Amino acid sequence: MTTSDAPRGDTLAPDRRADLLGMTFDELRDWLVGQGEPAYRAQQLAEAIYHRLAPAFDQMSALPAALRERLDTLATIASPQVRALVASKDGRTRKLLLALRDGRLIETVLMLYPASPEGRARATICVSTQAGCAYGCTFCATGQMGFERHLTAGEIVAQVLYFARELRERPWTAPDGQPIDRVTNLVFMGMGEPLHNYDNTLKALRILNMPEGLRIGARHMTVSTVGLVPGILRLAEEPLQVNLAISLHAPNNEMRARTMPVTRKYPIEQVLDAVRTYVEHTGRQVTFEYVLLSGVNDADEHARELGRLLAPLRQLGHVNLIPVNQTAAGYQPPSGERIRAFRELLRIEGVTSSVRAERGDDIAAACGQLRTRETRLQSASSARA
Ligand code: SF4
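Taking the numbering used here, the leading residue of the sequence shown gets 96, the next gets one more, and so forth.
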C-alpha cells in the first residue's frame, strides 16, 4: 500500500465563481455569451477542459490571454483537494479521499480491469454522489456516517476529471499490452444514494456523456440504487441508456430490513415492479447486487429464495454476488466454496450470476472505509496532541 498525504481539507471560503464543470454544453455557451464572449468560445473552452484536460485556465493556450485572465476571476474548474491517495499493491485500485470546499470528505475510486472473455480492458471510476448517506445500510461504512449533503453536478464531474487527467499523464498498460489512457466506464456506487440526489446525478451523467465532454457512453455508466422506487420510475423515462443496478442483498423483506432500513419504505415487491417498468421502457437488463455476508444471507435457503424471487425476471435480471469487504460492523466474507454453492443454486432456479472480483481489500476500497479510517486517525492524533 502506498499513501501520499496531501494538504488537509480545511474548510475554505465559499467560491462565488461559476463552476463550469457543473454546466452542460448549452449552459456553458449561454454563460459565455452572457459574459460578452462569442458563442464559438464554448467549443474551445469545452475542448480545453474535457479533451485536452487542462487543469487550469492559464494552461488553455487556445484561448486569448485576456479571456483566460477573466475566466480566472469569474469561473472555476477546480478539483476538490486531495486529502489522501492510496493504491492497492497491484496498482489496479486507486482510491482518493477528497475534501470539498466546505471540508466534507468524499471518496472516489479508479479500478483497472484487464481484458476478459466479457470484454476489453477498462478503467472504471466509482464516484460519490453525496457526502455521507441517509439510508443507513448496516454493512456500509458510509451508512454509519449519516447524511451530510448532496454533491453538486460539478463536484461529481470533478471526481472523474481527476482520474481522466491521471490516466492521460500515466496510462495503465493492461496485461495484454493495451495502453488504457482514458476513463472507459463509470459506476455511481461510491458514497451516497444517487437517486436521492437525482437531479445532480443525472446532470453530471449528461455532462460526462455529452460529445463536447468526456464522451463516456451511457451504456458504460451504471447507476446503483438501494431501490428508491420513484427515482427508478423517473430514470425509466429518461432518454438515456444507462445501466441500472439494484442493491438487493437479501431474498426477503424481513431479512433485508435488518440490514437495509429503506426496505420498510420500499418493499422488494415494489422495487421489482419498478424494475420491470425500467426494463420495458429502456430494454436494458438490470443487475441485482447481493453482498454476501457470511452466516447472515449466504445459506442454501437464501440462494433458493433469491432464485425464486428473481426467476420471473429471467433474462431481464442478473445477480452480481459481492463477498463483503470487512467493515467496522464486523461482517465476514463467505468461503469460495460457499459462494460456488450459492451460485449453483441460483443457476438451478434459472438465474444467472457472476462474482464481483474483490478489489483493493488492502486499501479499504468499499465506500466510506477510507474516510472512516482517516477520521479515526485524525481523532487519535488530536487526542494525543
Ligand atoms: S450502501 Fe449505499 S445507500 Fe446504503 S448506506 Fe451505503 S451509500 Fe447509503
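Cβ coordinates follow ideal geometry from the N, Cα and C atoms, glycine included.
As the structure is a prediction and not an experimental result, all values here were calculated from the model.
{"query": "Residue of L343, G117, T372 and G326 minimising C-alpha distance to L416", "result": "L343"}
{"query": "For A143 and A149, believed in contact at Cβ under 8 Å, the rounded distance", "result": "5 Å"}
{"query": "8 Å Cβ cutoff met for R379 and Q336", "result": "yes"}
{"query": "Buried versus exposed call for R121 [16 or more other C-beta atoms within 10 Å across all chains shown]", "result": "At residue 121 the sequence reads Asp, which differs from the Arg that was named. So D121 ends up on the exposed side."}
{"query": "Whether P346 touches S389 by CB criterion (8 Å)", "result": "no"}
{"query": "Proximity below 8 Å, CB of V386 to CB of L339", "result": "no"}
{"query": "Pick from G285, R277 and R199 that is closest to E264, judged by C-alpha positions", "result": "R277"}
{"query": "Check: S342 C-beta below 7 Å from any heavy atom of ligand 1", "result": "yes"}
{"query": "V318 - partner residues in DSSP beta bridges", "result": "F283 and L339"}
{"query": "Rounded separation between C235 and G249 - CA only", "result": "25 Å"}
{"query": "Which residues DSSP lists as bridging W267, in chain order", "result": "I275"}
{"query": "For T97, three-class secondary structure by DSSP", "result": "Summary for T97: the model assigns pLDDT 37, below 50, so the residue's position carries little reliability; its value from the coordinates is reported in the next sentence. Here T97 sits in strand by DSSP."}
{"query": "Per-residue DSSP class, three states only, for R103", "result": "Its pLDDT being 45, under 50, R103 is placed unreliably by the model, and nothing is read from it."}
{"query": "Any 3 or more C-beta pairs closer than 8 Å across the region 237-248 and the region 290-306", "result": "yes"}
{"query": "Coil, strand or helix - Y65 by DSSP", "result": "Any question about residue 65 goes unanswered here, given that the chain covers just 96 to 480."}
{"query": "Alpha-carbon to alpha-carbon, Y135 and R310", "result": "19 Å"}
{"query": "Contact under 8 Å by Cβ, Y361 with E288", "result": "no"}
{"query": "M286 vs S223 beta-carbon contact at 8 Å", "result": "yes"}
{"query": "Minimum C-alpha distance to E384 - residue among L158, V419 and I275", "result": "V419"}
{"query": "Runs of alpha helix (DSSP H) wholly within the region 108-138 (minimum 4 residues, chain order)", "result": "120-129"}
{"query": "Near ligand 1: E243 beta-carbon under 7 Å from a heavy atom", "result": "no"}
{"query": "Distance between R451 and L401 (C-alpha atoms, nearest Å)", "result": "18 Å"}
{"query": "Assigned secondary structure, K298 (DSSP; H/G/I helix, E/B strand, else coil)", "result": "helix"}
{"query": "Residue burial classification, D393 (beta-carbon count within 10 angstroms, cutoff 16)", "result": "buried"}
{"query": "Same chain, Cβ closer than 7 Å to R479, neighbours up to 5 away in sequence not counted", "result": "Residue placement at R479 is flagged as unreliable, the pLDDT there being 48, under the threshold of 50; the coordinate-derived value follows with that caveat. Answer for R479: no residue qualifies."}
{"query": "From M118, A436, P356 and L405, residue whose alpha carbon lies closest to that of G241", "result": "P356"}
{"query": "CA-to-CA distance, S319 to E307, given in whole angstroms", "result": "25 Å"}
{"query": "Burial state of Q154 (16 or more Cβ within 10 Å)", "result": "exposed"}
{"query": "Proximity test, G238 beta-carbon vs ligand 1 heavy atom, cut-off 7 Å", "result": "yes"}
{"query": "For I443 and L192, the rounded distance between their alpha carbons", "result": "42 Å"}
{"query": "E333, DSSP secondary structure in three states", "result": "coil"}
{"query": "Alpha-carbon spacing of C221 relative to L180, whole angstroms", "result": "14 Å"}
{"query": "Anticipated Cβ contact below 8 Å, W267 with A218, distance rounded", "result": "7 Å"}
{"query": "Cβ-heavy atom distance, V324 to ligand 1, below 7 Å", "result": "no"}
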